[in-house]
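Under the numbering used here, think of the first position of the sequence shown as 84, with each following residue one higher.
To start, the structure itself, in structure tokens.
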Amino acid sequence: MLRKKLTDISNKDVVIAPSLLAADFTSLKSEIEQTKRAGVEVLHIDVMDGHFVPNISMGVPVLQCIRPITDQIFDVHLMISHPLKYISSFVRAGADHITFHIESEDNAEQVINEIRKYSITVGMSLKPGTDLEALLPYLGQIDMILIMTVEPGFGGQSFMANMMPKVRLLREEISKSGSNVHIEVDGGIDHKTVSTVVKGGANVLVAGTSVFKYCDGIEKAVLALKKNAS
Numbered sequence: 084m085l086r087k088k089l090t091d092i093s094n095k096d097v098v099i100a101p102s103l104l105a106a107d108f109t110s111l112k113s114e115i116e117q118t119k120r121a122g123v124e125v126l127h128i129d130v131m132d133g134h135f136v137p138n139i140s141m142g143v144p145v146l147q148c149i150r151p152i153t154d155q156i157f158d159v160h161l162m163i164s165h166p167l168k169y170i171s172s173f174v175r176a177g178a179d180h181i182t183f184h185i186e187s188e189d190n191a192e193q194v195i196n197e198i199r200k201y202s203i204t205v206g207m208s209l210k211p212g213t214d215l216e217a218l219l220p221y222l223g224q225i226d227m228i229l230i231m232t233v234e235p236g237f238g239g240q241s242f243m244a245n246m247m248p249k250v251r252l253l254r255e256e257i258s259k260s261g262s263n264v265h266i267e268v269d270g271g272i273d274h275k276t277v278s279t280v281v282k283g284g285a286n287v288l289v290a291g292t293s294v295f296k297y298c299d300g301i302e303k304a305v306l307a308l309k310k311n312a313s
């Protein structure tokens, strides 16, 4: 099936990207289909190796299983020490976009070039304790920057409002460049914090618990996030 690309979406459009980390894996197909009915174009997939972050999550087999059931963009976030080793495997499994961390142990230029080799989009992320300046030299080489508003590794954490100056500064830099680089924010995004994040300049919003554990269901959760983000 022909799938949309991240570059087909304007960085001025607000995008809700539900994080599958919070989904019910016994009903994964059904929950993905519910996000699709709610108009979700991007699914966020967190990959953890138990080394770069203190947790282990899903990997290539999960992508392979869910790729045939949806044409949504798979936004794969590699929270792993050596992303260079696994890029080809995730691309073959169906990744449309791969984000890796500036703090990983691999050379950033090499990782970017490897991802580009497969004609998919590239993202870079940084942990809360890393200065934004570490990523700015790569702004012209990537399609999205992910600002973590929690310490990566576990879902359901509280939003770190002190990360918003990074988002605002990044939006200023992107506006100056005139590029279509997206700003993604991940961590504690819910119906109360979403407005703050959007006003700060982010446009791709990763939401886990607030989508998949919402009391009125997944579809209403997505609609509520969109409403509160406007």
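Beta carbons are placed, not taken as given, at the ideal position from N, Cα and C, and that holds for glycine.
Residues that residue i bridges to, as DSSP identifies them
i      : result
Gly206 : Thr182 and Met227
Ala290 : Pro101
Phe157 : Leu126
Met162 : Met131
Ile139 : Asp132
Own chain partners of residue i with C-beta closer than 7 Å, once the 5 adjacent residues on each side are dropped
i     : result
Ile99 : Val123, Leu288, Ala290, Val305, Leu308 and Lys309
Proximal residues to residue i (C-beta, below 6 Å), its chain only, five neighbours per side dropped
i      : result
His127 : Ala100, Ser102, Asp158 and Val289
Ser208 : Thr182, His184 and Leu229
Ala105 : Gly238, Gly291, Thr292 and Phe295
Gly283 : Met247, Val250 and Arg251
Phe135 : Met162, Ile163 and Ser164
Three-state secondary structure assigned by DSSP to residue i
i      : result
Asp91  : helix
Met243 : coil
Val250 : helix
Thr118 : helix
Pro151 : helix
Lys309 : helix
Tyr221 : helix
Arg86  : coil
Ala106 : coil
Glu234 : coil
Ser187 : coil
Lys200 : coil
Pro144 : helix
Rounded separation between residue i and residue j - CA only
i      : j      : result
Met227 : Pro144 : 25 Å
His160 : Gly300 : 25 Å
Val268 : Asn190 : 24 Å
Leu219 : Ile257 : 10 Å
Ala176 : Leu146 : 6 Å
Neighbourhood of residue i by C-beta distance below 8 Å, restricted to the same chain and skipping five residues each side
i      : result
Ser241 : Val233 and Gly271
ask   = Of all the beta strand (DSSP E) runs that stay within the bounds of the stretch 258-291, which reach a length of 3 or more residues?
value = Runs found: 265-269 and 287-290.
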